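Student: The structure under discussion is supplied below as structure tokens; questions concerning it will follow.
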Amino acid sequence: MAGFFCGEKLGNFDLPTKIYRMKITEFLKHNYRHFNAAALIDAAEGYKSHLDNGGKMMVTLAGAMSTAELGISLAEMIRQDKIQIITCTGANLEEDVFNLVAHDYYERIPNYRELTPAQEQDLVERHMNRVTDTCIPEMEAMRRIEDVILEEWVKADQAGEAYFPHEFFYKILLSGKLEDSYQIDPKDSWLLEAAKKNIPIIVPGWEDSTLGNMFAGHVISGDVKNVHTVRTGIEYMMYLAEWYTNTATDESTIGFFQIGGGIAGDFPICVVPMLHQDLQRENVPLWGYFCQISDSTTSYGSYSGAVPNEKITWGKLGIDTPKFIIESDATIVAPLVFAIVLDQ
């Protein structure tokens, strides 16, 4: 509940004693009437309508949304069944857990734009990895998780088993091994909530992540014998193809809520034309809703900045698919959209 208050005494002026409270949704609908503000409202209402009409929703996470602590609102969306499947980068997968166990060791640098190369060098020497204004501590976050997940990698490898990157995380989170190390309220970890519900997660390009690099190192050093102990992106696409085919119907289509651009959005949206064009599967519906929060510009062949209608030409969206684009900062916009969907 968001509150807007009056009643405090300012100087010699007594303000009215009545306290006015306004829900976040009420505030947004009253003030957000035009331009990108109006697009936010339209997209959120479209999201709600899609679910109310029996649809399901995929949310895709690009950038460093976990380090931005989107989990505070995203976890609640998962708890309330507003999300049925997630696609994210390897960075977002691991950084939610880094934040879960090492939050107290993070450092925020508000004046990051003013840092000199020497100050950046100081950060690397202290093993503080900077993401814009936030530094992730290597030893307390990355190496702590490496020690725990390496046990699972080796165990699976020796048993001749293979799992997806997110499944290894589900194993360590649900095992309780990390509980004593939690430094935030666990209800604010979106990955922990996803693990509890066992919702599908697609992680294209997981190799381009800190733990992906660590896994490569352990394969090179011989700690893990089979490089396929962690399943690959092609297998993720195969998994997504079966999930989509078995889940999407004309009465219950899958929506696509894209936060940012890049592989987190590009990879999963292609499953539909792949099913139609490469597998020749019939009666597979197009994506039933589309929204992107983007700060990319529509030029220079940028797919992340392409307007939604371009996706019609690729067989991803239809003429009548509800389509929205909010050109703004996802760290500001996504929690507000979620607040409307959650009726906060």
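For what it's worth, this note's numbering labels the leading residue of the sequence shown as 20, then goes sequentially. Cβ atoms here follow ideal geometry from the backbone N, Cα and C, with glycine treated the same way. Computed from a predicted model, the values in this text were never measured in an experiment.
When we look at the beta-carbon of residue 287 and count the other beta-carbons within 10 Å, is it buried (16 or more) or exposed?
Tutor: buried
Student: Terminal residues of the continuous alpha helix (DSSP H) containing residue 265?
Tutor: 252-266
Student: Excluding the 5 residues preceding and the 5 following residue 142 in the sequence, name in chain order all residues of the same chain whose CB lies nearer than 7 Å to its CB.
Tutor: 149 and 154
Student: Compute the Euclidean distance between the alpha carbons of residue 166 and residue 194, then round it to the nearest angstrom.
Tutor: 15 Å
Student: Considering only the alpha carbon of each residue, which of 52, 151 and 183 lies closest to residue 230?
Tutor: 183
Student: Unbroken alpha helix (DSSP H) runs of length 4 or more, entirely within the region 44-127: which are they?
Tutor: 54-71, 90-98 and 109-121
Student: What does a CB cutoff of less than 8 Å around residue 305 pick up in its chain, not counting 5 residues either side in sequence?
Tutor: 272, 291, 334, 335, 336, 337 and 340
Student: Give the DSSP bridge partners of residue 249, in chain order.
Tutor: 182
Student: Who are the Cβ neighbours of residue 350 in its own chain at under 6 Å, not counting the five residues just before and after it?
Tutor: Closer than 6 Å at Cβ, skipping near neighbours: 87.
Student: Are the Cβ atoms of residue 97 and residue 216 separated by less than 8 Å?
Tutor: yes
Student: Secondary structure at residue 32, three-state DSSP: helix, strand or coil?
Tutor: Unreliable placement is indicated for residue 32, whose pLDDT of 41 sits below 50; no coordinate value is reported for it.
Student: What residue ranges within the region 135-195 form continuous alpha helix (DSSP H) runs of no fewer than 4 residues, ordered along the chain?
Tutor: 136-144, 163-177 and 184-194
Student: How is residue 42 classed by DSSP in three states: helix, strand or coil?
Tutor: coil
Student: Which residue or residues does DSSP assign as beta-bridge partners of residue 323?
Tutor: Per the DSSP secondary-structure output, residue 323 pairs with nothing in a beta bridge.
Student: Using only alpha-carbon positions, find the residue among 80, 176 and 363 that is nearest to residue 250.
Tutor: Nearest of 80, 176 and 363 to residue 250, Cα basis: 176.
Student: Where residue 327 and residue 342 are concerned, what is the direct C-alpha to C-alpha distance, given to the nearest angstrom?
Tutor: 6 Å
Student: Check whether the Cβ of residue 294 sits closer than 7 Å to any heavy atom of the ligand SAH, and report yes or no.
Tutor: Because no ligand of any kind appears in the structure shown, any question about the ligand SAH cannot be addressed here.
Student: Expressed to the nearest angstrom, what Euclidean distance is found between the alpha-carbon atoms of residue 129 and residue 260?
Tutor: 43 Å
Student: If residue 80 and residue 325 are in contact, beta carbons under 8 Å, what's the gap, nearest whole angstrom?
Tutor: That belief does not hold up - the Cβ atoms of residue 80 and residue 325 are roughly 19 Å apart, past 8 Å.
Student: So, does the region 64-81 touch the region 299-318, judging by three or more C-beta pairs under 8 Å?
Tutor: yes
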